[in-house]
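Single-structure report; data block below.
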Amino acid sequence: MSVSERTDRTGPSPRAGDTLLEVKDLCIEGQSDERWQPIVKNVGLTLRRGEVLGLIGESGAGKSTIGLAAMGYARPGCRITAGSIRFDGMDLLAIGEAKRREIWGTRIAYVAQSAAASFNPAHKLIDQCVESSVGHRLSGEDEAKRTTVDLFRRLRLPDAENFGYRYPHQVSGGQLQRAMTAMAMACRPDLIIFDEPTTALDVTTQIEVLAAIKNLVRQFQTAAIYISHDLAVVAQMADRVMVLRYGELVEEATTREMLSNPQQAYTKSLWAVRSLRKEEEPGHDQILRVDAVDAAYGVLKVLHGVSIQVPRGRTVAVVGESGSGKSTLARVITGLLPPVAGSIVFDGKPLARGLKERGKKLLQRIQMIYQMPDTALNPRRRVRDILGRPIELHLGLTGAARHQRILELLEMTELDERFLERFPSELSGGQKQRVCIARALAINPELIICDEVTSALDQLVAEEILKLLLRLQKELGVSYLYITHDLATVKAIADEIVVMHQGRVVQSGSKSQVLTPPHHAYTELLLSSVPEMDPDWLDSLLARRGFAAAT
Amino acid sequence: MSVEPADLSTIPSAPARAHGGLLPAAWHALKRAPPTAWFGIIVISIYILVALLAPLIAPYGEAEIVSGAYEPWGGDYLLGTDQLGRDLLSRLIYGARNTIGIAVMTTALSFTIGGLLGLLAAILGGWTDQLLARAVDILMAIPQLIFALMLLSIFGSSVTNLILIIAVLDSTRVFRLTRAVAMNVVVLDFVEAARLQGEKLGWIMTREILPNILPPLVAEFGLRFCFVFLTIAALSFLGLGIQPPTADWGSMVRENATLINYGDVTPLLPAGAIALLTVAVNFVVDWFLHKTSGLRDER
């Protein structure tokens, strides 16, 4: 950035409340299958200085595309076909690439969803944080480093002086996300675009990042666009909310108005998602009992004396942050990782430790559904073959009987025969997960281990999947071991809850027992960290936990 | 920028328009192929046709002595005759059959060996992987041509030996590629799901993993074919490859090499035939890689 512009910026002092960004009639097209299709249709937005605007919508709603377009950027394979984007009096589409590059990083910054994927693993954090201010010659390297350390401190990063001298892999996900916010703040931009900055984080970590971001945005009076699919999160961050669907604006209002009085049916349905609740039923006999199991990867011990019980025909939810050993527990039960100590009893008989020692009959009785339906289905096989193979292998059905069973499964999972000849890439995320469920059900299992099966899906789709799982349980009497980090899901589906932390069970019992006080300290932390649909929730929580509002 | 939860970039997405069947889809892709790919496809087709129809096209027999040595071009012998008085054009045509045929067989064999072991190493891991990988390292540490020369002089240079030795030596590279790409697929959930449903090793190898790593392997097949082809030609030139009187481009260059001293370009013809095929195969492989790896031209 040249010196003259630098003075322009500080010259007539910008006041809070001035319009900073104005987007009008924005249309963006994306290329798919060599054709251009509209992905954003006539969207307009205005943002004043110091204001935070929330963009909400499912995946494919065009949130990120609009966020990037606010910088005058269209990602490869997209093009802005109509509309204007005025940032502080400049038409971002007209000023040309070179000018835009001067603005990016210095006056408009971007914080991506996955900090881990956005940092260069080969450079130290501080070198990456000062890059834009040094690169744009806004300040010398020493000064930039001092500013960055100051930002680290404001973001409550531990040991702020030395934090920057670590490499990205040496810090945790939440810290990395905060470091990325520091990077974006380094040049004191007028506008920051946050693209789902906390989606990949645990609830307890999410709180820290949200608090840090909110604090900093408030202190510097930075305008921000906050993109998320999580309403409760946006409610904490944004002054005003825009709901998007299929690239169109559904509704726009201030956060409080939107929460108390949504107008459109779609917005209301988004609000309703979190209200799904299952009445808990006590179980009778146990289908699975895990007794004092220890498990380790090599020398690293990850499970310490874990004991759980799964009643027949019921759902046990295993809750915990990432790294708590939830998925390892699933691997132990399925036999992929033989336990080091302890025993597992399935339907009254001890379960062989390793997968190889278990017979075909036993494998049939325990099935698994995965978090990522994209990787859980072989991209080169059609739905017919994916479902047909286990039926053939375990039930011995071929020809017409096999076909009949496949149709039955598709019907059970609310799909139909149109899907038979499709490849997974031709299905939506929710449909893929339904196929995964159908595959698990194909051979009449008694226990299904669900590993975060809804966390990669949009809220509305996730709700449908949960409803499907509940219905199937009622009809078929299968038991679920449901692994999740999302407490809303737990309320929706569980009969019993097991809370895990650092490879140990910290609390377990029926849903009502665990969810009503008194809680175990960790359960309390977990429960209180789940964002609520109340714009004051974050501030009051932080006050209760004793964070000072100003640093 | 925003990142998909799972990194699937290593897996080419399955054909999107599968309903039309394979042939129309292939034709659709061909229609939009760049001219270099078309050139490659046409050249390769001509080579294959010539190789298959050699006895019909060639004016004389493969080893038939039809005249005096070193007849000039033109007249009865379009490209003259060689040092024993055999028709050069006929030998060039038969040479396509021998050289390409042997190269294809060798490449196929080396892919069978290397691909199978690579898949096994990727799926089983542990000491199987270590053992195979170290064995391959040892084989690769010795310069290939010298190793092949040595083995051929020990076992004698018959066509079978030639195919076996080059195939084994070449399978090391195939092993490495297969293992590397299969590693990325083995860790995916659908492979685990197949295991949990009690699928055997054979099924997992051929149905779950192989289809997902096929594009890079097919591309590699083209490239390896070129290398094998060149190795055979080189060995023949050195006198240890395909033995006389079988016509082969590598030995044809050597046999007529002296003509270069008299300003005659005849020895360059078999060399040119080798070069042209190599270029053609590479064009086609380039296009194929471009199609399947999702690389796009920078604009």
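Read top to bottom, the protein sequences are chains A and B.
Taken in order, the first sequence gives residues 1 to 551; the numbers are from this note's numbering.
Taken in order, the second sequence gives residues 1 to 299; the numbers are from this note's numbering.
Glycine included, C-beta positions come from ideal geometry on N, C-alpha and C.
For residue i, the nearest candidate out of the options (CA to CA)
| i | options | result |
| --- | --- | --- |
| S324 of chain A | A:T523, A:T199 and A:A94 | A:T523 |
| M180 of chain A | A:F220, A:E131, A:E141 and A:D190 | A:E131 |
| R226 of chain A | A:L47, A:S528 and A:I406 | Reading the sequence as shown, one finds Tyr at residue 226 of chain A and not Arg. Closest option to Y226 of chain A, Cα to Cα, is A:L47. |
| L288 of chain A | A:K278, A:L538, A:A122 and A:P311 | A:P311 |
| E71 of chain B | B:I65, B:T81 and B:E62 | B:T81 |
| E421 of chain A | A:I437, A:H403, A:T413 and A:M412 | A:H403 |
| D539 of chain A | A:K63, A:L210, A:R188 and A:I80 | A:L210 |
| P390 of chain A | A:K356, A:R434, A:A442 and A:P373 | A:A442 |
| D189 of chain B | A:F87, A:G77, A:V453 and A:S343 | A:V453 |
| A112 of chain A | A:K99, A:E58, A:R100 and A:P197 | A:P197 |
| H304 of chain A | A:Y297, A:A292 and A:G320 | A:A292 |
| R358 of chain A | A:L541, A:L457, A:T328 and A:T334 | A:T334 |
| A200 of chain A | A:A115, A:G342 and A:G62 | A:A115 |
| V316 of chain A | A:S510, A:K24, A:D534 and A:L138 | A:S510 |
| G40 of chain B | B:T258, B:V228, B:I260 and B:G222 | B:G222 |
| V218 of chain B | B:V185, B:D286 and B:A234 | B:D286 |
| Y297 of chain A | A:K268, A:L259, A:P282 and A:V340 | A:V340 |
| G173 of chain A | A:Y480, A:E321, A:L457 and A:V250 | A:E321 |
| L476 of chain A | A:E408, A:K41 and A:G313 | A:G313 |
| L235 of chain B | B:Y262, B:A33, B:A182 and B:I163 | B:I163 |
Exposed unless 16 or more other CB atoms sit within 10 angstroms - verdict on residue i
| i | result |
| --- | --- |
| A550 of chain A | Here the model assigns A550 of chain A a pLDDT of 40, short of 50, so the residue's position is not dependable and the matter cannot be decided. |
| S512 of chain A | exposed |
| M150 of chain B | exposed |
| F152 of chain A | buried |
| A94 of chain A | exposed |
| W127 of chain B | exposed |
| I66 of chain A | buried |
| W27 of chain B | exposed |
| A186 of chain A | buried |
| G72 of chain A | buried |
| V514 of chain A | buried |
| K378 of chain A | The amino acid at residue 378 of chain A is misidentified as Lys; the sequence shows Asn. When all chains shown are included, N378 of chain A counts as buried. |
| S2 of chain A | The pLDDT assigned to S2 of chain A is 41, lower than 50, so where the model puts this residue is not dependable, and the model offers no usable value. |
| P373 of chain A | buried |
| H19 of chain B | Caution applies to H19 of chain B, whose pLDDT of 46 falls short of 50 and renders its modelled position unreliable; the model cannot decide the point. |
| E417 of chain A | exposed |
| N120 of chain A | exposed |
| V243 of chain A | buried |
| D18 of chain A | exposed |
| L56 of chain B | exposed |
| A69 of chain A | buried |
Rounded distance between the beta-carbons of residue j and residue i, thought under 8 angstroms
| i | j | result |
| --- | --- | --- |
| A167 of chain B | I113 of chain B | 7 angstroms |
| L117 of chain B | L132 of chain B | 5 angstroms |
| L466 of chain A | A492 of chain A | 5 angstroms |
| L355 of chain A | I344 of chain A | No, L355 of chain A and I344 of chain A are not in contact; Cβ-Cβ is about 13 angstroms, not under 8 angstroms. |
| E464 of chain A | G430 of chain A | 6 angstroms |
| H229 of chain A | G388 of chain A | Contact doesn't hold; Cβ gap of about 35 angstroms is too wide. |
heavy atom of the ligand FMN below 7 angstroms from residue i C-beta
| i | result |
| --- | --- |
| T454 of chain A | No copy of the ligand FMN appears in this structure; indeed no ligand is present at all. |
With 8 angstroms as the C-beta to C-beta threshold (strictly closer), list the residues of the segment 185-196 of chain A near chain B in chain order.
Hits within the stretch, in order: D195 and E196.
Looking at chain A, which residues of the segment 202-225 of chain B have a Cβ within less than 7 angstroms of any of its Cβ atoms?
Close to chain A, meaning a Cβ-Cβ distance shorter than 7 angstroms, are the following residues of the segment 202-225 of chain B: E208, P211 and N212.
Is it the case that the segment 190-209 of chain B contacts the segment 358-371 of chain A, given that we only count it when at least three CB pairs across the two stretches are under 8 angstroms?
Pairwise C-beta distances place the segment 358-371 of chain A in contact with the segment 190-209 of chain B, as three or more of them are shorter than 8 angstroms.
Check distances from the C-beta atoms of the segment 214-228 of chain A to those of chain B and list, in chain order, the residues that come in under 8 angstroms.
Here the close residues number zero.
Is the segment 92-111 of chain B close to the segment 243-255 of chain B, with three or more CB pairs under 8 angstroms?
Under the three-pair Cβ rule at 8 angstroms, the segment 92-111 of chain B counts as touching the segment 243-255 of chain B.
Okay, do the segment 205-220 of chain A and the segment 30-37 of chain A touch, 3+ Cβ pairs below 8 angstroms being the bar?
The count of Cβ pairs closer than 8 angstroms, one atom from the segment 205-220 of chain A and one from the segment 30-37 of chain A, stays below three, leaving the stretches out of contact.
Name, going along the chain, the residues of the segment 371-382 of chain A whose beta-carbon falls closer than 7 angstroms to a beta-carbon of chain B.
Correct list: M372, D374, T375, A376, L377, N378, P379 and R380.
Residues in the segment 332-344 of chain A having any Cβ partner in chain C nearer than 9 angstroms
Among the protein chains in the structure shown, which are A and B, there is no chain C.
The segment 133-143 of chain A contacting the segment 81-95 of chain A, beta-carbon criterion three pairs below 8 angstroms:
Under the Cβ criterion (8 angstroms, minimum of three pairs), the segment 133-143 of chain A does not count as touching the segment 81-95 of chain A.
Which residues, in order along the segment 188-199 of chain B, keep a beta-carbon less than 9 angstroms from a beta-carbon of chain A?
Taking 9 angstroms as the Cβ-Cβ cut-off against chain A, the residues of the segment 188-199 of chain B that qualify are L188, D189, F190, V191, E192, A193, A194, R195, L196, Q197, G198 and E199.
Report the residues of the segment 502-519 of chain A with a CB closer than 7 angstroms to any CB of chain B, ordered along the chain.
Here the close residues number zero.
Determine which residues of the segment 518-542 of chain A have a Cβ less than 8 angstroms from any Cβ of chain B, and write them out in chain order.
For the segment 518-542 of chain A, no residue has a beta-carbon sitting nearer than 8 angstroms to a beta-carbon of chain B.
Per the contact definition of three or more C-beta pairs closer than 8 angstroms, is the segment 101-112 of chain B in contact with the segment 165-179 of chain B?
Counting Cβ pairs under 8 angstroms, three or more are found: they touch.
Is the segment 292-302 of chain A in contact with the segment 247-267 of chain A, if contact means three or more CB pairs nearer than 8 angstroms?
In this structure the segment 292-302 of chain A does not lie against the segment 247-267 of chain A, because fewer than three pairs of beta carbons, one per stretch, are closer than 8 angstroms.
Touching or not, the segment 234-241 of chain B and the segment 251-259 of chain B, by the rule of three or more beta carbon pairs under 8 angstroms?
They touch, by the three-pair rule.
Can you confirm whether the segment 276-286 of chain B touches the segment 215-230 of chain B when touching is taken to mean that 3 or more C-beta pairs between the two stretches lie within less than 8 angstroms?
Taking 8 angstroms as the limit for Cβ pairs, the verdict is that the segment 276-286 of chain B does touch the segment 215-230 of chain B.
Taking beta-carbon pairs under 9 angstroms, can you tell me which members of the segment 97-129 of chain A lie near chain B?
The segment 97-129 of chain A vs chain B, Cβ under 9 angstroms: Y110, A112, Q113, S114, A116, A117 and S118.
Would you check if there are 3 or more beta carbon pairs closer than 8 angstroms linking the segment 78-94 of chain B to the segment 147-165 of chain B?
No: the two stretches stay apart, fewer than three of their Cβ pairs being nearer than 8 angstroms.
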